[in-house]
Amino acid sequence: MEQTTIDRDESRELLFKLAGLGPDDPERLQTRNRLTTLHLPLAEHLARRFSGRGEPYEDLVQVATIGLIKSLDRYDPRRGVEFSTYATPTILGEIKRWFRDKGWAVRVPRRLQELRLSISSVTTELTHALGRSPTVSELAAALNIGEDAVLEALESATAYSAVSLDAPEPGLDQDGAAPLEAIGHEDKALEGVENREAVSRILAGLPDRERRIIVLRFFRGMTQSQIADELGISQMHVSRLLSRTLAHLRRTLTADPGEPSQ
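In structure tokens:
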């Protein structure tokens with residue numbers, strides 16, 4: 121909520137004044153600057169909700185202030201909607217867009233970089249030889265390494281690079297969907313999920329089987345039936361585990377930064 125220190129009478133008067141000023145009016149900038157100062161506590165409050173995601177709070181406030189200014193430029197007080205109600209989604213959207221555009225990138229250890237290159241090369245060879253995408257066990261056998269090492273390298277490609285969760289994975293079958301869509305496309309709070317460190321921590325905290333299912337499904341592009349064959353369980357069991365795990369991911373990723381995950 122906005123701080124009670126805001127002079128609501130002054131704010132209301134200036135909002136109506138700003139709405140009536142043309143873009144070239146010399147008073148417009150001064151009026152908007154005063155309104156920005158009056159409503160800055162709202163921007164600071166909303167920025168604070170994202171302060172636990174690895175970015176300096178000052179940077180978040182700057183981005184939130186941009187959203188605040190955009191809201192002031194578009195707001196029409198004659199519609200009878202409180203300015204804070206109107207501005208909040210615009211400010212939040214600006215912050216989430218900033219996280220998305222920032223494209224978080226963390227340095228991948230050299231060992232994983234080299235292993236990813238080897239996996240890419242072997243994947244191409246096995247695909248030609250088998251006429252299909254190789255399984256994790258086939259990749260591990262070809263490289264003479266453990267399946268966990270293959271999964272770690274595949275996971276690092278998504279956990280550390282700027283992969284968008286709302287972009288479809290290439291090569292998915294018809295029952296496939298972009299990770300963001302599968303988790304819940306209508307959930308707008310997921311727009312800020314570009315924090316790769318957070319995603320990596322969540323994946324690392326999953327039970328081994330559920331973690332493998334997520335990696336195989338979304339990062340390897342395997343169908344549910346292929347995953348079932350890989351894990352030696354039924355497709356129905358895969359479907360249930362996938363649904364349960366995605367529900368857990370959605371709860372974790374959309375939780376308020378200040379709230380503990382369940």
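If you read the sequence shown in this note's numbering, its first letter stands for residue 121, the second for the next number, and so on. For every residue, glycine included, the Cβ atom is placed at its ideal position computed from N, Cα and C.
Just the C-alpha distance for arginine 236 and glycine 200, rounded to the nearest angstrom, thanks.
Counted from its first residue, the sequence shown places residue 236 at position 116. Counted from its first residue, the sequence shown places residue 200 at position 80. For arginine 236 and glycine 200, the distance between alpha carbons rounds to 56 Å.
Assign asparagine 153 to one of three DSSP states: helix, strand, or coil.
The count along the sequence shown starts at 1 and reaches residue 153 at position 33. If DSSP states are grouped into helix, strand and coil, asparagine 153 belongs with the helices.
Going by C-alpha distance, which of Leu135, Thr244, Ala273, Ile211 is nearest glutamate 234?
Counting from one through the sequence shown, the residue named residue 234 turns up at place 114. Checked all of Leu135, Thr244, Ala273, Ile211; the closest Cα to glutamate 234 is Ala273.
In whole angstroms, what separates the C-alpha of alanine 207 from that of lysine 216?
As a working note, residue 207 is residue 87 in the sequence shown. As a working note, residue 216 is residue 96 in the sequence shown. For alanine 207 and lysine 216, the distance between alpha carbons rounds to 14 Å.
Run the CB neighbour count on glycine 187, radius 10 Å, all protein chains shown included, and call it buried at 16 or more, exposed below.
For the purposes of this step, residue 187 is taken as the residue at position 67 of the sequence shown. Per the 10 Å Cβ criterion, buried.
Per DSSP, what kind of secondary structure is glycine 172 in: helix, strand or coil?
As a first step, residue 172 must be located in the sequence shown, where it is residue number 52. Three-state DSSP puts glycine 172 in coil, outside helix and strand.
Looking only at its chain, what residues have a beta carbon closer than 8 Å to the beta carbon of arginine 132, apart from the 5 residues adjacent to it on each side?
To locate residue 132, count along the sequence shown from 1; it is residue 12. Closer than 8 Å at the Cβ level, and outside the excluded window around arginine 132, lie Pro197.
Under a Cβ-count criterion, where at least 16 other Cβ atoms within 10 Å of its own Cβ denotes burial, should arginine 332 be classed as buried or exposed?
For this step, residue 332 is matched to residue 212 along the sequence shown. It is buried - the Cβ of arginine 332 has at least 16 other Cβ atoms within 10 Å.
Using DSSP with H/G/I as helix, E/B as strand and the rest coil, what is glycine 142?
Within the sequence shown, residue 142 is the residue found at index 22, counting from 1. DSSP places glycine 142 in coil when its eight states are reduced to three.
Going by Cα to Cα distance, which pick from Ala163, Ser345, Ala139 is closest to threonine 210?
Stepping through the sequence shown from its first residue, residue 210 is reached at position 90. Checking every option, the nearest Cα to that of threonine 210 belongs to Ala163.
Under a Cβ-count criterion, where at least 16 other Cβ atoms within 10 Å of its own Cβ denotes burial, should serine 191 be classed as buried or exposed?
Taking the sequence shown and counting its residues from 1, the one referred to as residue 191 is at position 71. Buried, because 16 or more other Cβ atoms sit within 10 Å of the Cβ of serine 191.
Please confirm whether phenylalanine 203 and histidine 159 have their CB atoms less than 8 Å apart.
Numbered from its first residue, the sequence shown carries residue 203 at position 83. Numbered from its first residue, the sequence shown carries residue 159 at position 39. Yes.
Pick helix, strand or coil for threonine 208, following the three-state DSSP scheme.
Mapped onto the sequence shown, residue 208 falls at position 88. Of the three classes helix, strand and coil, the one that applies to threonine 208 here is helix, per DSSP.
So which of Val270, Thr156, Arg364, Arg194 has the shortest CA-CA distance to proline 143?
Mapped onto the sequence shown, residue 143 falls at position 23. Of the candidates Val270, Thr156, Arg364, Arg194, the one whose C-alpha sits nearest the C-alpha of proline 143 is Arg194.
Quick check: what's the CA-CA separation for threonine 365 versus glutamine 150?
Numbered from its first residue, the sequence shown carries residue 365 at position 245. Numbered from its first residue, the sequence shown carries residue 150 at position 30. Cα to Cα, threonine 365 sits roughly 52 Å from glutamine 150.
Excluding the five sequence neighbours on either side, which residues of its own chain have a C-beta within less than 8 Å of the C-beta of alanine 184, listed in chain order?
As a working mapping, residue 184 is identified with position 64 in the sequence shown. Ala163, Glu164, Leu166, Ala167, Ile211, Glu214, Ile215.
Find the nearest neighbour of alanine 265 within the set Arg252, Leu232, Leu155, Thr244, judged by alpha-carbon distance.
As a working note, residue 265 is residue 145 in the sequence shown. Checking the displayed sequence, the identity of residue 265 turns out to be isoleucine instead of alanine. The option with the nearest alpha carbon to isoleucine 265 is Leu232.
Could you compute how far the alpha carbon of threonine 343 sits from the alpha carbon of serine 359?
Start at 1 with the first residue of the sequence shown, and residue 343 comes out as number 223. Start at 1 with the first residue of the sequence shown, and residue 359 comes out as number 239. Each residue's Cα considered, the two are about 10 Å apart.
Between the C-alpha atoms of arginine 329 and valine 242, what's the straight-line distance to the nearest angstrom?
What you label residue 329 is simply residue 209 of the sequence shown in a count that begins at 1. What you label residue 242 is simply residue 122 of the sequence shown in a count that begins at 1. Spanning the two alpha carbons is a distance of roughly 24 Å.
Can you tell me where the alpha helix (DSSP H) holding leucine 259 begins and where it ends?
Residue mapping note: residue 259 aligns to position 139 of the sequence shown, counting from 1. Counting along the chain, the alpha helix (DSSP H) containing leucine 259 begins and ends at 256–263.
For arginine 332, name the three-state secondary structure that DSSP assigns.
Start at 1 with the first residue of the sequence shown, and residue 332 comes out as number 212. Arginine 332: helix per DSSP, three-state reduction.
State the CB to CB distance for the pair valine 256 and leucine 336, rounded to an integer number of angstroms; the pair is presumed to be in contact (CB under 8 Å).
Counted from its first residue, the sequence shown places residue 256 at position 136. Counted from its first residue, the sequence shown places residue 336 at position 216. With a Cβ gap of about 7 Å, valine 256 and leucine 336 count as contacting.
Could you check how far apart the C-beta atoms of glycine 247 and serine 238 are, in whole angstroms? I think they sit under 8 Å.
Position 127 of the sequence shown, counted from the first residue, corresponds to residue 247. Position 118 of the sequence shown, counted from the first residue, corresponds to residue 238. For the sequence presented, residue 247 should be read as threonine rather than glycine. Actually they do not touch by this definition, with Cβ atoms about 15 Å apart.
Identify, in the order they occur along the chain, each residue of the same chain with its Cβ nearer than 8 Å to the Cβ of threonine 156, setting aside the five sequence neighbours on each side.
Counting from one through the sequence shown, the residue named residue 156 turns up at place 36. Here the set comprises Thr185, Leu188, Ile189, Leu192.
Taking the beta carbon of arginine 340 as the centre, do at least 16 other beta carbons fall within 10 Å, making it buried, or is it exposed?
Within the sequence shown, the letter at position 220 stands for residue 340. So arginine 340 counts as buried.
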